[in-house]
Structure formats: C-alpha cells, structure tokens
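Residue numbers (the UniProt record's numbering): 1 to 461.
Virtual Cβ for every residue (Gly too), placed ideally from N, Cα, C.
Working notes, structure below.
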C-alpha cells in the first residue's frame, strides 16, 4: 500500500532520516522545511499523510495543523505530529489542533509504519467517499463522528460502542472504567463470547488483549476479519513492549492498530478516535454505495423498480421457472390517453397520477411479484408461480382499481378518470425465451390499445 507522505521538519538530517526509512517501504516522500512550505504543498499537491514536527521556527506544528484542518481543501489529510515533547498537555494540544496521531522522538519504526498503514487506509476511504458523494458525504462523516464522540452529553443510543476482550477481568474492569467516561462499553473474557457479541452488536471498535493464557488472540482477530458481519469493525490489539513480533503479525492479519501496555489514557482516546472515524467512513461509504445501487435500479418518480432492474432479474426468474417446471406470467400495462393528462393539467399533475397509480399497484399485487415502471406510462408486473388464467385475473383487478376511482391531481381539487390497457403473456410449458415472452406481452398490449383501450388481451398459450 503506497502513499504520498509529506515530511515536515526544519532540521535537514531529520527529514533525510525519515525519507530513507519511508522510501525503503515504497512510500513516495515529499520534503518540507517550514510550516508555511508544508501548507503550500498540501494546497498544491496530492498529499496523503503529513508527518509534522512540532518544534519549528515561525509556524510551529500546532499552528500548521490547525490551519490545515481549518481549510476544506486540506482538512481530510491525516496529520501525525512528531515531537520530543512528552508531557500529556502537549499531546492534548496536538489532538485539539486536529492531529490524528502523534509519535515521540526517536521514532520507533514499528509505530511509524503501523500508523501510516492505518491512516493511509483512512485517507483512501475519505478520497473514495468524496469521489462518490463530494462534500456532503464529508459532512455526513463529521456529523456521525460528532454524535459517536459526544460522550455523556450525547444521545446514549448513538455514542460509540466498544468491545473489550481480555481474560484478565481486573484489567478489563479498569479499562472499562476509563472508557465509560465517553463510550458504551461491553466486556468479554473469552473469544467465543467476544465473537458472538461482535456478530450480534454493531461495535465501532474492538480492543483485544494479546495476553491470553491458553488462546491465541490472533485467531479471534482472523475470525473477525473473515465473518461478513464483523469484517469491517476496527480492531486494536493491546500488547506489552516486548511483543513487537506479535504486532507485526497482527497487522499482517488485518488488525488496524495497537496500544502498548501500560495504557496511556490520552493515547488510548486518540487511537480510538481514529478507528471510530474509520468506522464512520466505512458506514457512510457503504450507505453511499447502497444508495447508488438502489438509485440505479429504482424509478425516481414512483419508487418502483425500473427497466434495468427487470432486465437484470428476469433471466434468473425465467431460468428458475423452467428448471422447476413452474408457471410464470407477465402483464404489461399502459395508462390510456395519459398524454392528455399532461396536456390538460400539466406535467406536475401527470407525475401525481403516475405516483398514485404506482401506489394502487403496490397495494393490490403480492409481495413476491415484481412491479416495474418500464418507461413513460408503461408498467410491467412479473408474476412468479402464476399461470395464464391467474395472471388474467390479476390484470382484471388492476383494470378495476384504476377505473373504480378518479385520480386526485396535485392541487387536491381536480380529478381525472383514467383507464388502462393490459397485455398478458405466460411462459409456455415447452420452454420459452425471455425475448419471446416479452414480445407476446407487448403484442397483446398493442392489440388491447388498438381494440379500443380499457381492455385486457391474453396472448396465445
């Protein structure tokens, strides 16, 4: 996983040291030697992550970070602050400035590379979401993150939910006490319980202890990554300082981050915030993709399936009916003289009629049937497990629900009486093609319209 990293430090040797380490891991490196230069590069270039020294002349790292996060063009670039300052107050200043993470000098290679890997994935999700939905999606992520991070002041049902997995019940209780300040927290003392809870509950992050007596915690992490319901939940592994090899293996298996014991509260909350933000991006991105898929197969005016949906699903329905020797029918419906509604009352009234007709169809067709606006004022209903006569009866019912009551137009006062013409075709027992089935239904509809409209024509068996 490559990324373009901006390394910012006023000391040339520090820049070269980080540059050499990053190049060996195939990252692209852009150097900057002042805060002002760093801001200019971020505005002009495609930067994925900023490694930002804190103590610099002129603009220090805190101010650079604040300015980057305040500008919509650079706000989504993750910032890792690198500092020799070790007091908790300095780390708090960095987080308040908007930094996603911080590293202490001298920089540990494992820490550096794991943070870069995690934040590169976060940036990739941010970029993908922006390409799909623009600034609105970014605002959705920010709003969702704010609700999840609201702590005691927020809606308890929206606050981020954390699962702690640790067989040391005393250590788990201490961690829970810390997290309870800001999150909803569940605890599991064994892998089986943890897995069940993770499947049943929408957790924002799972914190797993590496210290199990008779169980390999990486097995749990692997299981979480392979199950559809849990594979996108961020995982943080808690380790001791001498467990570097375990961390490397964990990151290879899909663990997102790690925490070194004994835990430092500020670092704990910083790591959690990054992973919860990652989960927010995942959730909004998934919702965006689902909306895109839904919109691609849904008619925007009526909310019914569109022609594309029918074209995608009819081959499967036809094949299944033939293989199982089950009947299948389709009815094609056309609103008679609909053009006159648009001409006499306006297109707004016409749209209202189409929506009302769609509602009447929905209320009178089985849930297993497939309803589609096929184009203009033409609709198709696919009727699985329905023979010719039963399909004709459905068509009669559709004709009745249109004719029995006038359509109230968009102003609520005017009304229009309409009728429909319907063509019905059924799958032939000897086998059939999709094209032939639709051709017979279309021919039957044309015959119904040519015969005076407001009638049903059943195609030949």
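Close-in-space but distant-in-sequence residues of the same chain around residue i (CB under 6 Å, 5 per side omitted)
i           : result
residue 337 : none
residue 74  : 42, 68
residue 203 : 161, 163, 233
residue 342 : 350
residue 436 : none
Residue environment, residue i, which counts as buried when at least 16 other CB atoms sit within 10 Å
i           : result
residue 349 : buried
residue 47  : buried
residue 278 : buried
residue 299 : buried
residue 161 : buried
residue 15  : buried
residue 281 : buried
residue 87  : exposed
residue 310 : buried
residue 368 : exposed
residue 93  : buried
residue 61  : buried
residue 319 : exposed
residue 194 : buried
residue 151 : exposed
residue 347 : exposed
residue 13  : exposed
residue 44  : exposed
residue 20  : exposed
residue 115 : buried
residue 70  : exposed
residue 295 : exposed
residue 275 : buried
residue 464 : The structure shown does not extend to residue 464, since the chain is modelled only from 1 to 461, so the question has no answer here.
residue 230 : buried
residue 91  : buried
residue 143 : exposed
Integer-rounded CB distance, given that residue j should sit under 8 Å from residue i
i           : j           : result
residue 124 : residue 285 : 10 Å between Cβ atoms; not a contact.
residue 425 : residue 444 : 6 Å
residue 220 : residue 208 : 6 Å
residue 201 : residue 272 : That belief does not hold up - the Cβ atoms of residue 201 and residue 272 are roughly 17 Å apart, past 8 Å.
residue 396 : residue 334 : That pair is no contact at about 16 Å.
residue 434 : residue 315 : 6 Å
residue 373 : residue 306 : 6 Å
residue 317 : residue 392 : That belief does not hold up - the Cβ atoms of residue 317 and residue 392 are roughly 19 Å apart, past 8 Å.
residue 199 : residue 227 : 7 Å
residue 26  : residue 2   : 5 Å
residue 268 : residue 117 : Between residue 117 and residue 268 the Cβ distance is about 19 Å, and since that is not below 8 Å, they are no contact.
residue 303 : residue 358 : 7 Å
residue 38  : residue 64  : 6 Å
Beta-carbon proximity list for residue i, same chain, < 7 Å, skipping 5 on both sides
i           : result
residue 190 : 167
residue 265 : 178
residue 213 : 167
residue 351 : 301
residue 85  : 54
residue 95  : 270
residue 22  : 5, 29
residue 58  : 34, 35, 36
Cut-off 8 Å between Cβ atoms - residues of its own chain near residue i, not counting five sequence neighbours on either side
i           : result
residue 502 : Nothing about residue 502 can be read from this structure; the chain reaches only from 1 to 461.
residue 312 : 297
residue 387 : 327, 329, 426
residue 364 : 397, 398, 401
residue 353 : 335, 338, 341, 407, 409, 416, 418
residue 222 : 253, 254
* **Sufficient close CB pairs (3 or more, under 8 Å) joining the stretch 74 to 87 to the stretch 49 to 61** => yes
* **Inter-stretch contact (C-beta, 8 Å, three-pair minimum) for the stretch 429 to 445 and the stretch 400 to 420** => no
* To do: Give a yes or no on contact between the stretch 365 to 385 and the stretch 324 to 342, applying the rule of three or more CB pairs nearer than 8 Å.
  => yes
* Assess, as a yes-or-no matter, whether the stretch 444 to 453 is touched by the stretch 412 to 421 under the definition of 3 or more beta carbon pairs within less than 8 Å. => yes
* Spell out a yes or no on whether the stretch 228 to 235 and the stretch 254 to 272 are touching, meaning 3 or more CB-CB pairs, one atom from each, closer than 8 Å. => yes
* Runs of beta strand (DSSP E) wholly within the UniProt domain "Response regulatory" (4 to 120) (minimum 3 residues, chain order) -> 4 to 8, 28 to 32, 49 to 53, 79 to 83, 101 to 104
* Asked: Would you call the stretch 178 to 187 and the stretch 152 to 169 in contact, with 3 or more CB pairs under 8 Å?
  -> yes
* Let me know the alpha helix (DSSP H) ranges lying completely inside the stretch 234 to 277, each 4 residues or longer, listed in chain order. => 244 to 252
* Every unbroken beta strand (DSSP E) within the stretch 162 to 237, with a cutoff of 3 residues, ordered by chain -> 184 to 188, 205 to 209
* **Contained alpha helix (DSSP H) runs [length at least 4] in the UniProt domain "GGDEF" (326 to 461), N- to C-terminal order** => 338 to 345, 347 to 364, 388 to 403, 434 to 450
* Entirely within the stretch 296 to 324 and at least 4 residues each: give me those alpha helix (DSSP H) ranges in chain order. => 307 to 323
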